[in-house]
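If you read the protein sequences in the order shown, they are chains A and B. Sequential numbering from 1 applies to the first sequence in the numbering used here. Sequential numbering from 10001 applies to the second sequence in the numbering used here.
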Amino acid sequence: MPLQPYKTGPVCLQLFLVLALTCCALIPATAQQRQVQGEVLDAATRSPLPLATISISAKEGPPVTKITDSRGRFSFAATAGATITVSFSGYNTKQFTVGEGSDSITVLLERRDNKFDEVVVIGYGREKRTDLTSAISSMSSSQVNELPVTNLASAIASRAPGVEVHSTGYAPGSGSTINVRGLNSITQSEGPLYVVDGVALTGDIRDINPADIESIDFLKDAAAAGIYGSRASAGVIIVTTKHARTGTATIDLNMYTGIQTPNNPYHMLGAKDYAQLRRFAFNDADPVTYPIGTSDAKIFNPYELQSITAGYTGYDWLKAVTRSSAPVQNYSIGISNGVGKSRVYFSGNYLNQAGIMANTGFTRYGAHFSIETDINKIFRWGGNVNVDHNFTKGVSTSVYQQALTESPLMPIYDSTGAPLVITDQSTGTLTIRNPVTSDLYSVNNYTANRTFGNLYLELTPIRNLVLRTSIGADLLNGENDTYYPRNTGEGFATNGFAEVYNTKSTDVLWENTATYTLKKGDHDLNLLAGATYERREDIAMDMQGTEFPTDLLTYKNMGSAGIKTQDNTNYDGWIVESILARAIYKYKSRYIVNLTGRRDGSSRFGPDNRYGFFPSASVAWRLIDEPFIGYKTKAIFSDWKLRASYGLIGNQNLPYDAIYTRYNNAQYPFNGSNAVSGYQVGGTAGNPDLEWERQHQTNVGMDIAALSNRLSLSVDYYNKNISSLLMPFNLATSSGFSNEQVNVAAMNTRGVDINLQATPVKTRQFQWQFTFNWSRYQSKITSLFPGIDSVSLSLRVGQPPSGVLVNYVFNGLYQQGDDFSLNPGGKPGDIKIKDLNHDGKITPLDQTIVGHTIPGGWGGFWNYFWYRGITLAVLTSYEYGQQLNNLPYTNLTYYNSLYGNTGNVTREGGNYWTPSNTKTSIPRPDAFATELKPLPGGPNQGSSYSIQKGDYIRIKSITLGYDIPGSLLQKAKLRSLNIYVQAIEPFLLTSYKGLDPDNGNPTQLENYPRYRTFLAGIKLGL
Amino acid sequence: MQIYHRYIIAFALIGTTISTGCKKDLNYTPEVFLAQTQVFKDQAGATAAVTGIYTQLQTLKKSDYALIGIVGTDEARCAYQSQGYGDYWANVFGLDVYDLKFSSQNYQVSGFWQDCYIGIANANAAIAGIPNASIADPTVKSRLLGESKFMRALFYFYLVQLYGDIPLRTETTPYSAGVKRSPVTDVYALIVSDLKFAVANCWIKSKNPDIGRASVEAAKGLLGKVYLTMGDYTDAKTTFEDLMTNNGLTLLSDYSQLFDGQHENNAESLFEIQYSLDPNNTQGLQNLFGSYAGPGIPFEAFNTHTPGYGGTVVITTAYYADTLFDTANDKRYHASLWPHRYDGSGNTMDWWVDPGLPTYRKYDIASTDIDIYNSGKNLNYLRAADVYLMYAEVLNELGQTSQALTPLNTVRNRAGLANLEVAWGYTPSQAQLRTELLEERMRELGGEGWRWFDLKRTGTLVARVLQHDNPRAYYVNINGPGDPHPAQNVSAQNNLYPIPLSELQTNSALSLNDQNPGY
């Protein structure tokens, strides 16, 4: 696969400038000092490490920082006894003292492969992983970037225990939902709180370039998330972007290119089989009108008859709307300079992913800029800015399904090569019959511009006290533009349809914190106090119109719409102001206590309930450091820590108008022609007494490491009792209102998160590492309304608040001679439904719980092999124990009226019931489903017939890379060079018969095919 | 260090501002809607809230709920097709044939109830809020209150006739409270007092800033109707005579103009439900009555005016269409009915509906309308002809049968018919006139939403439904005796609708036993 040639000129210039700057920073040696020289090498491979940081601190004078050259060499002047610190990104830092006679030194740095040395980002601070008292999982930059995905959320999936990620679609640019530790609310679920460089982002994180990420930390339990108080109930995800590393200047280039190939599990009937199916269906439904052998003219349209006459000419509709291979390419550059008093990081990114459906794709342009400068010993200021522009070209949701089910006898194009458009009335609404036009000619664009960042000032007035003020903002503008011209099914009846839907959200956060650290003997105290103010506004504008004079101007000229069908704005906003405090006390680094409290005031609540206090406490005991642990134990176990936490966190998500009895817009044309605007009250009544949903979470955990940290295990058990859950309470209809929100219900979620990390083989030639994680949870409602344990079949005490599949029970097919009393008017070959309450008829009361979509367990398995610079990484994800209502598959298997009377079915669906083929589970084709109703409520409601197991194992990625060895790098004057090839989602092992079991709950119309991606890439460090 | 101290002080100041200065910010409210307290601040807000009450009446009568009062009577029935449309339409059908679907769980029965109570809640809020609003002109303030009370009375009048004893919610009842059923007399007492207030405080038609507002004339007309329904003929007579003497009653010379959409808010009209071509303000009754739909609209890719596009749910009874009218002379016959159903080219399409049964014409969309779901035509609520006929009924009930002929003949003459005593050749007895008035009301007001209430008021509902809610004999012959029509299920209990099950379940002051008898 050809790689794009990269222009090296400007990069070299940059490098030159960086080096020049570095040289300027050199400080002349003084007379007493002696020259020390040496090299810094990778301890395992012995390859030199260029641009490693050497920091020399003598007893007198300021510390001096130097970096190694391209061959890993250094030289400096120092007095004997000076402390030398050698650090390099991804390696353990090494310290030594300049001795009397040591003129030439070789420093061997070991690759950091032990997460117990990691520094973890906690709310408003950092902490060593070994000192953590709460449940926090982390992902490093390299883990995030191992899977080059357009949406950051996909890179997170299956990497952190307890964090559940599902895509909301497969199309390029689709969003995701993330659940941290199961279900947390019945009616008010929203994703976790994202904090990116201290800026709170609500909604989605797909606008962040994965290459800019330094680390992602998941605050899972109440003690960790509690510092975010009332918004923490669904967990907090802290994203830290890249900053320049002190004392280094680097340029990183990253590019890949590849192709995506469709992965379609549906194989539809061929032209001849399909014709047979339709003949049988019509004859079966009405043998008088459609006698066998002589009814083709009544069953098929003239185009189809032509195909039949020509010997069953088949047309591949799916091929007409999909690409057999779609290219993807990505370029990122990151420039970092941390030499001197200022640290600057800049990055740029361009990504272009074509979609498998023709005419779809995703493009992103991103830039990230961060600067931090030390004005003097007391003041430091800095800022981050992230600018992102992305563009998603989508497709009408029904095209894929239509292309699958379209009659294979129908020609796709007319004699001129243009899509053949015929009008069709068989579905009840007049529409046109060619999905290809919709795919090619309709506009479904989403454009997002997002800017977020912050400015901060840090002040160290006295030793150990840091005052910090930070103002951050997240500005997001999204625009959905839609146009369906006349020659598409969607725009046909209305002479074009256009929509412009704009969303704008502004989130401003001002935070002031003070941190004080005190270390005296065995005592270590860290105090934090702060006050924050956050204000958010969401504005939406929606315009829709039909009856366009031509299709030429599309959505760009809404003024030309003959009828404006929608013209509306919406506005939402809130303010939260908070004070927060935290104390972390460590005694002998062995006993650690963390107390956190946050008091939130929120404008979302009525005047009497605006303030809520959210305290939490956690403790950790580093057992391994106890004197009673003997030497022999320590020889095996390198770490052993027990953790426990308890806390209260809240959920401030409630319908923004829930405390108000709102007057909605109303109109009345008093003179019969001109509408006068007014207000009308009704619907939901306001309840000013609403309060936070409260979550009491207990977490106990244990971290163990053994065999020189080559084996480590973290286990967490959590139990969340969630109360004051919002439920709509039905008011008497005679009140004129339908309901009001009340804090009434309660639920419980408990679960286990396990993370295992190991390095089974570690030699100079070969290394094998793996991580494995497993999570499961159970959620159940413990109370709904006083005295009421069941609101509906799926919402009841003892069941999870969502993911309960309720349906009729499939009981095989009717055969000839069967008793049809349960299905009067039914015929042999129809679906038989179990009469659960034995009342002799099928009513909605015969529905029951037929499955749960919550998995029994899920997680990921990552394997990494290194052999002399060659790396192989395989990432696997799995999920098991969940059922899915696979309606898409059922509808594609079962010939029914849902997609019109002419829909094609899968090859498996070709094995349908006929009087001579009775040993099958596929019902008889039903040409006139609306009249015969094989299932109560119509065929699309389904039954347990469509419930399938969702267990799967998926290879998410296989990456084969090669690090060019140091000797070659030296010749090329490069810091590092890695080339790799990668396959993304190449294999899926499942018995599920649909597009993808990893989708939470399949919607009726799966609207985008899945695909495999094959990439080649290069990572270059200068 | 001097300079640093300045920074430190500034920094500390900024920090302390946070926790002290922003408190009142938490009163920040999203401004996309108004809360109750904000609406009734000034005249504009109070006026807007009163507008919302009218909107609710428009909502109630624009949809399938408008069939209540029309179907299940001797003038209209549900077409056979509506049976096959699925569960929802089986509910509508139930209103006509009084079968098991005519229950407390019927969508129309509960929907009509709820929509009326939403109107009442809006009126209650206005009645409570307007007195505190700052409105410079006291007559404007009292007019707005008068209109609110008129509308509340209108909704309660529907409810009390249909459901009997009902929860009486006034401006003092908190919405979350459970409220017991009040006796019919208490409900009528509130209606009468509200309408008396409206008579005293509304403005006369000619003075109203908007022609469609509740006027003195409308309030008097409705008050008379309420008295008549209560059987209080003396007060009814006084009220009607007050209306005729002090405000005047006019009939349009051409009956068909009442329904052509070109003569809205005319001289005959006392109160209309207003619709316009604005998509939010259209009514879709054409889709229920499914009669000839007029010519197509230019630029439409297909003709949404094509009859048969949409459902014909309601058609006439054979009695109304075939036997009631003097078809040769009564101008109202052709203005009210299409003898056949036609397609866009004018060809008959009788195969589409129950064969041969004429369909309603009063709900035809006008050629300017958008499509069959969106007509801007106003609906008549109360008009002068209705008042004349009610006045005649009052006089007849008071024993003044010969005087009653005068208002009746006013209506007959406009329709092109001679005076009744001339046409019949004799002066009718009180009983004869009572029956004749009931039939005259059907000729004059057929399909306008009053029939069920007229039959209930006169105690003739069960008898006349059994007798006349029939298709043509021709159709019965085709279908055989197993045909679900006529509505043989009707019985005396049907003089009251069932209280919706949802109300019994959600109103904490009621239990399932608080149901009307027979349901």
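Virtual Cβ for every residue (Gly too), placed ideally from N, Cα, C.
Under a three-way DSSP split, which group does A/Y571 fall into?
By 1-based counting over the first sequence, the position of residue 571 of chain A is 571. Three-state result, A/Y571: strand.
Which residue comes first and which comes last in the alpha helix (DSSP H) that contains B/P10407?
By 1-based counting over the second sequence, the position of residue 10407 of chain B is 407. Looking at the DSSP string, the run of the alpha helix (DSSP H) that includes B/P10407 is 10401-10414.
Inter-stretch contact at 8 Å, needing at least 3 Cβ pairs: the segment 827-835 of chain A / the segment 787-795 of chain A
In this structure the segment 827-835 of chain A does not touch the segment 787-795 of chain A; the number of beta carbon pairs closer than 8 Å is below three.
Residues of chain A with CB closer than 9 Å to the CB of B/P10212, please, in chain order.
Here residue 10212 of chain B corresponds to residue number 212 of the second sequence, with the count starting at 1. Going by the sequence as given, residue 10212 of chain B is Gly instead of Pro. The contact set of B/G10212 on chain A, defined by CB atoms closer than 9 Å, consists of Y668, P669, F670, N671, G672 in chain order.
Can you tell me the Cβ-Cβ gap for B/G10212 and A/N671, rounded? I've got them flagged as a contact below 8 Å.
Along the second sequence, one-based indexing puts residue 10212 of chain B at 212. Along the first sequence, one-based indexing puts residue 671 of chain A at 671. B/G10212 to A/N671, Cβ: 6 Å. Contact.
Under 8 Å, CB to CB, which of the residues in the segment 567-584 of chain A have a partner in chain B?
Residues of the segment 567-584 of chain A with a Cβ closer than 8 Å to any Cβ of chain B, in chain order: T569, N570, Y571, D572, G573, W574, I575, E577, I579.
Nearest residue (CA-CA) to A/V399, options A/T416, A/T322, A/P411, A/V98
Within the first sequence, residue 399 of chain A is the residue found at index 399, counting from 1. It is A/T322 whose Cα lies nearest to the Cα of A/V399.
Could you please give the first and the last residue of the uninterrupted beta strand (DSSP E) stretch that includes B/C10078?
Here the question's residue 10078 of chain B lines up with position 78 in the second sequence. B/C10078: member of the beta strand (DSSP E) spanning 10076-10078, first to last residue.
Return the bridge partner residues of A/F1014 from the DSSP annotation.
By 1-based counting over the first sequence, the position of residue 1014 of chain A is 1014. A/I259, A/A983.
Figure out for me which residue from A/G559, A/A540, A/S589, A/T990 has the closest Cα to the Cα of A/T1034.
Because chain A is modelled from 1 through 1022, residue 1034 of chain A falls outside the range shown and cannot be assessed.
Can A/Y1028 and A/G394 be called in contact, C-beta distance under 8 Å?
No information on residue 1028 of chain A is available, as it lies outside the stretch 1 to 1022 that chain A covers here.
Bridge partners for A/K319 per DSSP, in chain order?
Here the question's residue 319 of chain A lines up with position 319 in the first sequence. Assignment of beta-bridge partners to A/K319 by DSSP yields no partner.
Contacting residues, own chain, Cβ-Cβ under 8 Å from B/A10136 (five flanking each side not counted)
For the purposes of this step, residue 10136 of chain B is taken as residue 136 along the second sequence, with counting starting at 1. Closer than 8 Å at Cβ, skipping near neighbours: Q10043.
Please list, in chain order, the chain B residues whose beta carbon lies closer than 8 Å to that of A/Q329.
In the first sequence, residue 329 of chain A corresponds to position 329, counting from 1. The premise fails here: A/Q329 is roughly 42 Å from chain B at the closest Cβ pair, so nothing lies under 8 Å.
DSSP three-state assignment for B/Y10233, whether helix, strand or coil
One-based indexing of the second sequence puts residue 10233 of chain B at position 233. Looking at B/Y10233 - three-state DSSP - the assignment turns out to be helix.
Less than 8 Å between CB atoms is the rule here; does B/F10271 satisfy it with respect to chain A?
For this step, residue 10271 of chain B is matched to residue 271 along the second sequence. Interface with chain A (8 Å Cβ-Cβ cutoff): B/F10271 is excluded.
Test: A/E740 CB closer than 8 Å to a CB of chain B:
Looking up residue 740 of chain A in the first sequence gives position 740. The beta-carbon of A/E740 is placed less than 8 Å from the nearest beta-carbon of chain B.
In angstroms, rounded to a whole number, what distance separates the CA positions of B/R10169 and B/G10119?
Sequence index remark: in the second sequence, residue 10169 of chain B carries index 169 (1-based). Sequence index remark: in the second sequence, residue 10119 of chain B carries index 119 (1-based). Rounded to whole angstroms, B/R10169 to B/G10119 spans 11 Å at the Cα level.
Counting only the same chain and skipping the five closest in sequence on each side, list residues whose C-beta sits under 7 Å from that of A/T1027.
This structure gives no information on residue 1027 of chain A, because the portion of chain A shown stretches from 1 to 1022.
When the cut-off is 8 Å and only beta carbons count, does B/R10143 lie next to chain A?
If you number the second sequence from 1, residue 10143 of chain B lands on position 143. For B/R10143, the answer is no, since every Cβ of chain A falls outside 8 Å of its Cβ.
CB-CB under 8 Å to A/N730, same chain, minus the five flanking residues each way: which ones, in chain order?
For the purposes of this step, residue 730 of chain A is identified with residue 730 of the first sequence, where counting begins at 1. These residues qualify, in order along the chain: S738, N739.
Less than 8 Å between CB atoms is the rule here; does A/N651 satisfy it with respect to chain E?
Within the model displayed, chain E is absent; protein chains A and B are what it includes.
Contact list for B/W10450 against chain A, beta-carbon separation under 9 Å:
Here residue 10450 of chain B refers to the residue found at position 450 of the second sequence. By Cβ distance, chain A contributes nothing, its closest Cβ being about 21 Å from B/W10450, past 9 Å.
Spatially closest choice to A/Q652 from A/V180, A/S708, A/S189, by CA coordinates
Numbered from 1 along the first sequence, position 652 holds the residue referred to as residue 652 of chain A. When each option's Cα is compared against that of A/Q652, the closest is A/S189.
Give the DSSP-derived three-state secondary structure of A/V804 in the structure shown.
Here the question's residue 804 of chain A lines up with position 804 in the first sequence. In the structure shown, A/V804 sits in a strand (DSSP, three-state: E or B).
Contact with chain B by A/V144, beta-carbon distance below 8 Å:
Start at 1 with the first residue of the first sequence, and residue 144 of chain A comes out as number 144. Not an interface residue.
According to DSSP, is A/A275 helix, strand or coil?
Position 275 of the first sequence holds residue 275 of chain A. Of the three classes helix, strand and coil, the one that applies to A/A275 here is helix, per DSSP.
Pull up the distance between the alpha-carbon of A/V593 and that of A/L457, whole angstroms please.
Looking up residue 593 of chain A in the first sequence gives position 593. Looking up residue 457 of chain A in the first sequence gives position 457. The C-alpha of A/V593 lies about 29 Å from the C-alpha of A/L457.
Would you mind reading off the limits of the alpha helix (DSSP H) that contains A/E626?
Looking up residue 626 of chain A in the first sequence gives position 626. Taken as a continuous stretch (DSSP letters only), A/E626 belongs to no alpha helix (DSSP H), as it is neither H nor E.
Considering only C-alpha positions, which residue in the set B/L10057, B/G10072, B/A10128, B/Y10163 is nearest to B/S10104?
For the purposes of this step, residue 10104 of chain B is taken as residue 104 along the second sequence, with counting starting at 1. Selected option, being the one with the closest Cα: B/Y10163.
How far does the alpha helix (DSSP H) with B/M10151 in it extend, from its first residue to its last?
Stepping through the second sequence from its first residue, residue 10151 of chain B is reached at position 151. For B/M10151, the enclosing alpha helix (DSSP H) has its first and last residue at 10138-10163.
Quick check: the segment 1008-1017 of chain A against the segment 351-364 of chain A, are at least 3 beta-carbon pairs closer than 8 Å?
Contact holds: three or more Cβ-Cβ distances are below 8 Å.
What's the C-alpha gap between A/A1016 and A/T177?
Translated into positions along the first sequence, residue 1016 of chain A becomes position 1016. Translated into positions along the first sequence, residue 177 of chain A becomes position 177. Straight across, the Cα-Cα distance linking A/A1016 with A/T177 is about 29 Å.
Residues in the same chain with beta-carbon distance under 7 Å from A/F1014, minus the five sequence neighbours each way, listed in chain order, please.
Residue 1014 of chain A sits at position 1014 when you count from the first residue of the first sequence. Excluding sequence neighbours, A/F1014 sits near G258, I259, A983.
Quick one: which chain B residues come within Cβ less than 7 Å of A/N664?
Reading the first sequence from its first residue, position 664 is the one you call residue 664 of chain A. Listed along the chain, the chain B residues whose CB falls inside 7 Å of the CB of A/N664 are F10033.
Buried or exposed for B/I10204, please, with buried defined as at least 16 other CB atoms from any protein chain shown within 10 angstroms of its CB.
Here residue 10204 of chain B corresponds to residue number 204 of the second sequence, with the count starting at 1. Counting other Cβ atoms within 10 Å of its Cβ, B/I10204 stays below 16 and is therefore classed as exposed.
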